[in-house]
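Numbering (our numbering), first residue to last: 5 to 257.
Here's the structure, in structure tokens; my notes come after.
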Amino acid sequence: MNKNNHLALITGATSGIGLATAQLFAEQGIALILCGRRQDRLNELQKELSEKTRVHVLNFDVRDREEVFEKIATLPEAFSSIDILINNAGNAHGLDPIQTGNVDDWDAMMDINVKGLLYVSKAILPGMLEREKGHIVNIGSTAGKEVYPKGNVYCASKHAVDAITTGMRLDLNGKGIKVSGINPGLVQTEFSEVRFKGDKERADKVYQNYTPLYPEDIAEIIWFAVSRPAHVNIADLTVMCLDQASSTIVNKK
5 MNKNNHLALI TGATSGIGLA TAQLFAEQGI ALILCGRRQD RLNELQKELS EKTRVHVLNF
65 DVRDREEVFE KIATLPEAFS SIDILINNAG NAHGLDPIQT GNVDDWDAMM DINVKGLLYV
125 SKAILPGMLE REKGHIVNIG STAGKEVYPK GNVYCASKHA VDAITTGMRL DLNGKGIKVS
185 GINPGLVQTE FSEVRFKGDK ERADKVYQNY TPLYPEDIAE IIWFAVSRPA HVNIADLTVM
245 CLDQASSTIV NKK
């Protein structure tokens with residue numbers, strides 16, 4: 005791939021996997037559109053990465069359909085030809101049995117993980133179709149491959165991502181657009197702190213007594229996927245740390 009001619013849009017770019025991916029892509033000279041809800045972090049990231057590549061930032065919430073389309077429509081000409089889309093924004097909210105689940109948590113997970121991914125993809129796809137060139141990478145989860153106790157709606161949202169990824173690949177076949185699903189297991193990010201509503205002590209315990217994956221591990225896999233030759237598409241990839249065998253089986257020492 006000719007790195008100098010590529011432009012990637014990354015959602016959820018201010019932390020975790022999105023941040024690590026932005027940093028790695030910048031090292032590779034990929035121009036970036038970084039999207040997130042925290043303007044201060046976006047500004048810091050733009051300042052940091054502009055020393056390595058061209059960077060534009062967009063502050064929006066993927067749940068807000070009108071805002072997604074409005075903000076993407078404001079992109080200047082120099083940042084309009086997006087050929088790599090990393091649908092990374094996503095969250096888990098709560099870990100409760102279905103009978104006691106919080107409806108607001110359900111809405112948040114479906115709105116961010118499923119509808120947000122669809123809104124951003126819908127906004128970007130017309131340009132890819134016009135140019136007959138592009139790569140969409142949807143960040144799923146092992147929770148999209150299996151269901152675990154109290155994971156109910158979160159697992160449902162990630163199963164939806166898995167289905168959408170397959171559906172995209174089928175519908176876009178022959179259009180010159182690659183579609184990849186990257187499905188990580190346990191990755192040490194802000195994920196558990198968000199899930200447990202800021203309870204850092206509880207969140208930290210999720211990653212104790214074994215070595216989890218780190219955001220940089222997933223960023224390297226994403227880079228591998230997008231840097232393959234034109235005829236190669238990494239369609240579906242699941243990755244776990246050595247100590248994880250499934251969502252519920254983790255070798256803690």
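Glycine is no exception: its CB is placed at the ideal position from the N, C-alpha and C atoms.
Predicted, not measured: the structure shown is a model, and the values here were computed from it.
Checklist entry - Since serine 251 and alanine 147 are thought to touch, with beta carbons under 8 Å apart, how far apart are those beta carbons, to the nearest angstrom? => result Taking the sequence shown and counting its residues from 1, one reaches residue 251 at position 247. Taking the sequence shown and counting its residues from 1, one reaches residue 147 at position 143. With 8 Å as the limit, serine 251 and alanine 147 qualify as a contact, their Cβ atoms being about 6 Å apart.
Item to check | Distance CB(asparagine 91)-CB(serine 125) smaller than 8 Å | outcome: In the sequence shown, counting from the first residue as 1, residue 91 sits at position 87. In the sequence shown, counting from the first residue as 1, residue 125 sits at position 121. Taking 8 Å as the Cβ cut-off, asparagine 91 and serine 125 qualify as a contacting pair.
Item to check | First through last residue of the beta strand (DSSP E) which encompasses lysine 149 | outcome: Residue numbering aside, residue 149 sits at position 145 when the sequence shown is read from its first letter. Lysine 149 -> no beta strand (DSSP E), and no H or E assigned at all.
Checklist entry - Can you tell me the Cα-Cα spacing of serine 184 and glutamate 205, whole angstroms? => result Here the question's residue 184 lines up with position 180 in the sequence shown. Here the question's residue 205 lines up with position 201 in the sequence shown. About 34 Å.
Checklist entry - Three or more beta-carbon pairs under 8 Å between the region 129-137 and the region 191-211, yes or no? => result no
Item to check | Opening and closing residue of the alpha helix (DSSP H) in which asparagine 47 lies | outcome: Stepping through the sequence shown from its first residue, residue 47 is reached at position 43. 43-53 is the extent of the alpha helix (DSSP H) around asparagine 47.
Item to check | Beta-carbon proximity list for valine 157, same chain, < 8 Å, skipping 5 on both sides | outcome: Taking the sequence shown and counting its residues from 1, the one referred to as residue 157 is at position 153. Around valine 157: Ile102, Gly105, Asp109, Trp110, Met113 and Met114.
Checklist entry - Between which two residues does the alpha helix (DSSP H) carrying isoleucine 128 extend? => result Walking along the sequence shown from the start, residue 128 turns up at place 124. Looking at the DSSP string, the run of the alpha helix (DSSP H) that includes isoleucine 128 is 121-135.
Checklist entry - By Cβ distance, which residues of its chain are closer than 6 Å to alanine 164, with the 5 residues on each side in sequence left out? => result Here residue 164 refers to the residue found at position 160 when the sequence shown is read from its first residue. Excluding residues within five positions, the ones whose Cβ falls inside 6 Å are Val118.
Next on the checklist: Once the 5 residues before and after threonine 215 are set aside, which same chain residues still bring their CB inside 8 Å of it?
Outcome noted: Taking the sequence shown and counting its residues from 1, one reaches residue 215 at position 211. The answer, listed in chain order, is Cys245, Leu246 and Asp247.
Checklist entry - If we call anything under 8 Å between Cβ atoms a contact, is glycine 98 one with arginine 199? => result Against the sequence shown, residue 98 aligns to sequence position 94. Against the sequence shown, residue 199 aligns to sequence position 195. Yes, these two residues count as a Cβ contact at 8 Å.
Item to check | Identity of the residue in Gly144, Val243, Asn213 and Ser161 nearest aspartate 221 by Cα | outcome: As a working note, residue 221 is residue 217 in the sequence shown. The shortest Cα separation from aspartate 221 among Gly144, Val243, Asn213 and Ser161 belongs to Val243.
Item to check | Whether leucine 38 touches valine 61 by CB criterion (8 Å) | outcome: On the sequence shown, residue 38 is found 34 positions in, with the first residue counted as 1. On the sequence shown, residue 61 is found 57 positions in, with the first residue counted as 1. For leucine 38 and valine 61, yes; Cβs fall inside 8 Å.
Checklist entry - Taking the alpha helix (DSSP H) that histidine 97 falls in, what are its first and last residues? => result As a working note, residue 97 is residue 93 in the sequence shown. Looking at the DSSP string, histidine 97 is not in any alpha helix (DSSP H), and its letter there is neither H nor E.
Checklist entry - Given a threshold of 16 other Cβ atoms within 10 Å of its Cβ, counted over all protein chains shown, does valine 29 qualify as buried or as exposed? => result Within the sequence shown, numbered from 1, the residue matching residue 29 stands at position 25. Note on residue identity: the sequence assigns phenylalanine, not valine, to residue 29. Classification for phenylalanine 29: buried.
Item to check | Candidates Gln50, Ile86 and Ala239, of which the one nearest leucine 276 by Cα | outcome: Coverage of the chain is limited to positions 5 through 257, which leaves residue 276 absent and any answer about it impossible.
Next on the checklist: By the three-class DSSP mapping on this structure, what secondary structure does threonine 169 have?
Outcome noted: Stepping through the sequence shown from its first residue, residue 169 is reached at position 165. If DSSP states are grouped into helix, strand and coil, threonine 169 belongs with the helices.
Item to check | Distance CB(leucine 122)-CB(isoleucine 168) smaller than 8 Å | outcome: The residue labelled residue 122 in the question sits at position 118 within the sequence shown. The residue labelled residue 168 in the question sits at position 164 within the sequence shown. Yes, they are a contact pair.
Item to check | First through last residue of the beta strand (DSSP E) which encompasses valine 59 | outcome: For the purposes of this step, residue 59 is taken as residue 55 along the sequence shown, with counting starting at 1. Its beta strand (DSSP E) spans residues 59-63.
Checklist entry - Helix, strand or coil for asparagine 92 per DSSP? => result In the sequence shown, counting from the first residue as 1, residue 92 sits at position 88. Coil, per DSSP.
Next on the checklist: Between which residues of its own chain and valine 59 is the CB-CB distance below 7 Å, once the five residues before and five after are set aside?
Outcome noted: If you number the sequence shown from 1, residue 59 lands on position 55. So the qualifying residues of the chain are Leu36, Leu38, Gln50 and Leu53.
Next on the checklist: Is the beta carbon of isoleucine 34 closer than 8 Å to that of proline 219?
Outcome noted: Within the sequence shown, the letter at position 215 stands for residue 219. Within the sequence shown, the letter at position 30 stands for residue 34. No, they are not a contact pair.
Checklist entry - Is DSSP giving threonine 78 helix, strand or coil here? => result Counted from its first residue, the sequence shown places residue 78 at position 74. Note: threonine 78 maps to coil in three-state DSSP.
Next on the checklist: Give me the DSSP bridge partner(s) of glycine 40.
Outcome noted: Counting from one through the sequence shown, the residue named residue 40 turns up at place 36. In the DSSP output, where bridge partners are listed per residue, glycine 40 has Asn63.
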